[in-house]
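Working notes for the structure below.
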Amino acid sequence: MEGDISTLGQFIGAGLAGLGSGIAALGVGNVAANFLNGALRNPSAAASQTATLFIGIAFAEALGIFSFLVALLLMFAV
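Below, the structure is given as structure tokens:
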């Protein structure tokens, strides 16, 4: 009985950590949407902000990768 409860806790924790990947996708969409909004308002400044766009996307995506790693560790670690 005890092993079943600990396995259940592992999978619940992994599922909750896996939600971070979906939330990171929302973050990437938010970064891209704000960039496009600013680029449409001021097209001449869009070229200078492209590097900032990629850095923001990289940070948002890194959080999703970290949460995926935590989910894998919770599922397969003993």
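Numbering (the working numbering), first residue to last: 144 to 221.
Even glycine gets a Cβ: it sits at the ideal position worked out from N, Cα and C.
As the structure is a computational prediction, the values presented were derived from the model and not from experiment.
DSSP places residue 203 in the uninterrupted alpha helix (DSSP H) bounded by 193-219.
Just measuring C-alpha positions, the residue of 169, 151, 193 and 187 sitting nearest residue 203 is 169.
Between the alpha carbons of residue 191 and residue 213 lies a distance of about 35 Å.
Around the beta carbon of residue 220, fewer than 16 other beta carbons sit within 10 angstroms, so the residue counts as exposed.
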